[in-house]
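Heads up, the thing below is written out as structure tokens.
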Ligand SMILES: Cc1ncc(COP(=O)(O)O)c(C=O)c1O
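In the working numbering, the protein residues as written are 25 to 450.
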């Protein structure tokens with residue numbers, strides 16, 4: 025690269041990657057190995073003691089994964105990142121550095137159903153308590169803050185409704201409370217929204233979705249903005265207190281503005297263990313190279329499909345922030361002017377039964393539990409991704425019984441509209 029600051033598309037292709045020093049291979053090789061040979065005993069000891077950076081064992085780090093980490097950190101404007109086995113693993117590992125039993129974190133009610141499940145049930149067994157707040161009313165975030173609050177968690181574009189979150193307003197609540205703001209940026213990707221530019225301290229992703237983009241690999245990533253002072257108020261002992269397993273080093277003092285990413289790796293990933301396969305890292309890296317092209321086409325297609333549905337007599341409502349009449353449109357213009365993403369919901373006048381019929385009648389849209397594939401996808405969240413919630417919680421999460429969710433792919437938009445047309449008239 026030259027001295028010029030590279031643009032987003034250039035970073036999507038080049039950040040973190042060099043021709044392989046041994047073979048000259050231009051694409052990032054898949055380092056499909058469990059472990060790495062030490063130069064000598066001193067080298068091994070210094071790697072284990074965190075006195076030197078280098079590869080030890082693929083559960084803790086791997087050169088293919090390292091390229092992916094550097095690339096996502098560059099795209100998000102963070103200082104460092106850690107790739108892990110799934111989006112859910114990223115959430116566990118990020119919060120593992122921050123919460124001790126009895127602690128609380130505040131989360132937006134509008135979240136992916138699996139995250140609501142993870143936070144409500146599994147995290148309870150760790151003694152981590154979630155307190156819910158409403159992104160439509162920022163005061164509910166202020167009211168939820170207590171002396172035990174250790175983090176705030178939101179999605180930039182919320183799954184399933186694709187609603188745009190006012191990141192700056194919630195970042196201000198987090199700053200006032202002295203806790204980090206964690207933003208799940210899965211549905212937006214850094215092409216549409218860079219949460220760190222709006223005050224986020226930590227960004228997490230399911231790489232499984234638009235970043236990988238081809239529906240072939242599960243993965244997750246945690247990005248450290250490098251902005252948070254972990255020693256202030258002595259609230260985060262994992263980062264600020266001496267670590268007995270590393271000869272008493274203090275992670276923040278030693279690693280400065282990438283301390284959080286290091287803690288996630290050397291405490292979280294090392295001990296909890298959800299490592300990303302280098303093969304998946306390779307596929308996801310290949311996907312990221314075309315992220316800007318794909319994401320723009322996803323958004324353009326989604327807008328055309330939302331406009332079509334909005335005009336259709338069988339459709340009761342469309343929730344897509346890219347439509348000028350949508351209540352989230354002003355936030356979309358502020359946070360994601362290039363497009364409001366490609367995941368959104370709509371409801372049919374025929375209610376639950378019509379929704380289920382539509383899903384079965386679609387041919388080009390695949391009926392499955394994923395978003396962010398090149399292919400167009402459809403699901404009925406109330407009976408699948410959000411089925412574990414009671415009726416009131418489903419509605420609060422934007423997944424009521426009459427709601428159908430689309431993840432619009434990058435096929436020709438005319439074919440997608442024709443498929444919806446035949447299914448709606450069937
Ligand atoms: C917004 C969001 N975050 C996190 C996840 C969890 O990711 P993964 O399935 O990679 O664990 C998902 C999965 O659908 C998601 O949509």
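Ideal placement from N, C-alpha and C gives every residue a C-beta, glycine not left out.
Distance check for residue 174 and residue 438, CA to CA, integer angstroms please.
Within the chain shown, the letter at position 414 stands for residue 438. Within the chain shown, the letter at position 150 stands for residue 174. The straight-line gap from Cα to Cα measures roughly 48 Å.
Return yes when the C-beta of residue 119 is under 7 Å from any heavy atom of ligand 1, and no when it is not.
As a position in the chain shown, residue 119 is number 95, starting the count at 1. Annotation for residue 119 indicates a beta carbon at 7 Å or more from all heavy atoms of ligand 1.
Under the three-state reduction of DSSP, which class applies to residue 345: helix, strand or coil?
Translated into positions along the chain shown, residue 345 becomes position 321. If DSSP states are grouped into helix, strand and coil, residue 345 belongs with coil.
Rounded distance between the beta-carbons of residue 384 and residue 430, thought under 8 Å:
The residue labelled residue 430 in the question sits at position 406 within the chain shown. The residue labelled residue 384 in the question sits at position 360 within the chain shown. For residue 430 against residue 384, the beta-carbon gap comes to about 15 Å, at or over 8 Å, which does not count as contact.
So, helix, strand or coil for residue 274, using DSSP?
Walking along the chain shown from the start, residue 274 turns up at place 250. Residue state, collapsed to three classes: strand.
Return helix, strand or coil for residue 410, following the three-state DSSP convention.
As a working note, residue 410 is residue 386 in the chain shown. The answer is coil: DSSP assigns residue 410 none of H, G, I, E or B.
Where does residue 115 land, buried or exposed, given buried means 16+ other C-beta within 10 angstroms?
The residue given as residue 115 occupies position 91 in the chain shown. The residue is buried, with at least 16 neighbouring Cβ atoms inside 10 Å.
Taking the C-alpha atoms as reference points, what is the distance between residue 85 and residue 249?
Here residue 85 is taken as the residue at index 61 of the chain shown, counted from 1. Here residue 249 is taken as the residue at index 225 of the chain shown, counted from 1. Here the C-alpha atom of residue 85 lies approximately 20 Å from the C-alpha atom of residue 249.
Simplified DSSP assignment, three categories, for residue 242
Position 218 of the chain shown holds residue 242. Secondary structure at residue 242: coil, using DSSP grouped into helix, strand and coil.
Am I right that residue 186 and residue 345 are in contact with their C-beta atoms under 8 Å? What's the rounded C-beta distance?
Indexing the chain shown from 1 puts residue 186 at position 162. Indexing the chain shown from 1 puts residue 345 at position 321. Yes, residue 186 and residue 345 are in contact; Cβ-Cβ is about 6 Å, under 8 Å.
Residue 116 lies in the alpha helix (DSSP H); which residues open and close that run?
Counting from 1 along the chain shown, the entry for residue 116 is found at position 92. Annotation: the continuous alpha helix (DSSP H) that includes residue 116 extends over 111-120.
Can you have a look at residue 120 and say buried or exposed, based on whether 16 or more other CB atoms are within 10 angstroms of its CB?
Translated into positions along the chain shown, residue 120 becomes position 96. Per the 10 Å Cβ criterion, buried.
Helix, strand or coil for residue 36? Go by DSSP, reduced to three states.
Along the chain shown, read from residue 1 onward, the residue named residue 36 stands at position 12. Correct three-state label for residue 36: helix.
Compute the Euclidean distance between the alpha carbons of residue 272 and residue 397, then round it to the nearest angstrom.
Numbered from 1 along the chain shown, position 248 holds the residue referred to as residue 272. Numbered from 1 along the chain shown, position 373 holds the residue referred to as residue 397. Cα to Cα, residue 272 sits roughly 45 Å from residue 397.
From the DSSP output, which residues share a beta bridge with residue 226?
Here residue 226 refers to the residue found at position 202 when the chain shown is read from its first residue. According to DSSP, residue 226 bridges with 206, 248.
Starting from the Cα of residue 107, find the closest Cα among 351, 232, 374, 352 and give me that residue.
As a position in the chain shown, residue 107 is number 83, starting the count at 1. When 351, 232, 374, 352 are compared, the shortest CA-CA separation from residue 107 is found for 232.
Three-state class that DSSP yields for residue 169 in the structure shown
Position 145 of the chain shown, counted from the start, is the residue given in the question as residue 169. Under the three-state reduction of DSSP, residue 169 is assigned to coil, being neither helix nor strand.
Where residue 154 falls, given that 16 or more other Cβ within 10 Å makes a residue buried
As a first step, residue 154 is located in the chain shown; it is residue number 130 there, counting from the start. Buried is the call here.
Is residue 270 closer than 8 Å to residue 74 when the C-beta atoms are compared?
Stepping through the chain shown from its first residue, residue 74 is reached at position 50. Stepping through the chain shown from its first residue, residue 270 is reached at position 246. Going by C-beta atoms, residue 74 is nearer than 8 Å to residue 270.
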